[in-house]
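For reference, the structure is listed below as structure tokens.
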Amino acid sequence: MASTKKYISNRKKKSFKKRIPKLLAETSSISKDNHSSSYGAKGNTFRALRGFRRAPSKVFREWAESVTDKLDTKQVKSDIGTRAGFIKWHKKLARSLNRYWRIKQRRSLSLAHKYKLIDLYIKWISKHDFLDRPTARLLVKNANCALDSQVLKMLNKCYSGALPIGVPTMGNITNQNTYDFCQELIFDFVGPCGGTRLLFDRYAYKRGNK
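Residue numbers 86 to 295, in the working numbering, belong to the letters of the sequence shown in order.
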């Protein structure tokens, strides 16, 4: 994807690179004993989920609580030690969530919502100390970025407005290829800076990043 690099904004590149140490410092910074019950997904995410039998927030949090209770640092470290390993683990979590969702809601999540919930949950895990620090750092290294309107707007700014998404939404992520392509674009931006996709996610939500 060398052809995309000429569109990268040097100003945004410098801004992101400067913030990497503080973004990285958020890893494992919150005690698991004081964790919130959101598991990373808040009201604005669930407002887009309509027509379900049960409250989407409740179903997601039931699933997230069950997965979190079973987290094992040794196993997670083995699963996510490489980018390829992380992708398999990510898909395993997505299948698990979708199975639970079908049982409780009698229908599946869309790909966009399923992956966003998984990626928000992983970002949430990375900020807590459920895993030891080396494993949490591996998660930060290999994880994806949750794709929503704010992240996609920031991505467009980082590519100097070159992407044809004036008013992007999570609904624009209609299939696996679109999801994967956005993850590649993010990495092409953050990789040369020594950053990661997950750090870009944290960056997109920092105040003052315009």
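All residues carry an ideal CB built from backbone N, CA and C; glycine is no exception.
If you follow the alpha helix (DSSP H) that residue i is in, where does it begin and where does it stop?
{"i": "I105", "result": "95 to 110"}
{"i": "F274", "result": "261 to 275"}
{"i": "N129", "result": "128 to 131"}
{"i": "Y288", "result": "282 to 289"}
What does the alpha-carbon distance come out to for the pair residue i and residue j?
{"i": "K242", "j": "G276", "result": "17 angstroms"}
{"i": "M86", "j": "R139", "result": "Residue placement at M86 is flagged as unreliable, the pLDDT there being 46, under the threshold of 50; a coordinate-derived value is accordingly withheld."}
{"i": "E296", "j": "S245", "result": "With the chain covering 86 to 295 only, the question about residue 296 has no answer from this structure."}
{"i": "L178", "j": "A149", "result": "10 angstroms"}
{"i": "V152", "j": "H198", "result": "18 angstroms"}
{"i": "S114", "j": "T259", "result": "34 angstroms"}
{"i": "H175", "j": "G280", "result": "20 angstroms"}
{"i": "L134", "j": "R192", "result": "12 angstroms"}
{"i": "I93", "j": "K103", "result": "16 angstroms"}
{"i": "K98", "j": "N119", "result": "34 angstroms"}
{"i": "G170", "j": "N95", "result": "32 angstroms"}
{"i": "I210", "j": "L240", "result": "23 angstroms"}
{"i": "P249", "j": "K91", "result": "16 angstroms"}
{"i": "K291", "j": "C267", "result": "20 angstroms"}
Looking at residue j and residue i, is the spacing between their C-beta atoms short of 8 angstroms?
{"i": "L223", "j": "I165", "result": "yes"}
{"i": "I105", "j": "C230", "result": "no"}
{"i": "L101", "j": "Y288", "result": "The sequence shown places Phe at residue 101, rather than the Leu named in the question. Yes."}
{"i": "L216", "j": "L283", "result": "no"}
{"i": "L194", "j": "Q261", "result": "no"}
{"i": "Q190", "j": "F131", "result": "no"}
{"i": "R168", "j": "N227", "result": "yes"}
{"i": "K208", "j": "D286", "result": "yes"}
{"i": "T220", "j": "V161", "result": "yes"}
{"i": "S122", "j": "R146", "result": "yes"}
{"i": "K107", "j": "H213", "result": "no"}
Within 8 angstroms (strictly less), CB to CB, does residue i reach chain B?
{"i": "K102", "result": "Checking the listed chains, one finds no chain B in this structure; it contains a single protein chain."}
Could you say if the stretch 192 to 211 and the stretch 116 to 130 meet the contact criterion of at least three C-beta pairs nearer than 8 angstroms? These segments touch.
Are three or more beta carbon pairs between the stretch 185 to 193 and the stretch 247 to 260 nearer than 8 angstroms? Verdict: no, contact absent.
Indicate whether the contact test is met: 3 or more Cβ pairs, each with one atom in the stretch 235 to 249 and one in the stretch 262 to 272, closer than 8 angstroms. Put simply, the stretch 235 to 249 touches the stretch 262 to 272. At least three CB pairs are less than 8 angstroms apart.
Could you give the uninterrupted runs of the alpha helix (DSSP H) lying entirely in the stretch 183 to 258, keeping only those of 4 residues or more? Complete alpha helix (DSSP H) runs here, min 4: 196 to 212, 218 to 227, 234 to 243.
Return the chain-ordered ranges of every beta strand (DSSP E) run that is complete within the stretch 133 to 182 and spans a minimum of 3 residues. Counting only runs that start and end inside the stretch 133 to 182, there is no beta strand (DSSP E) element of at least 3 residues.
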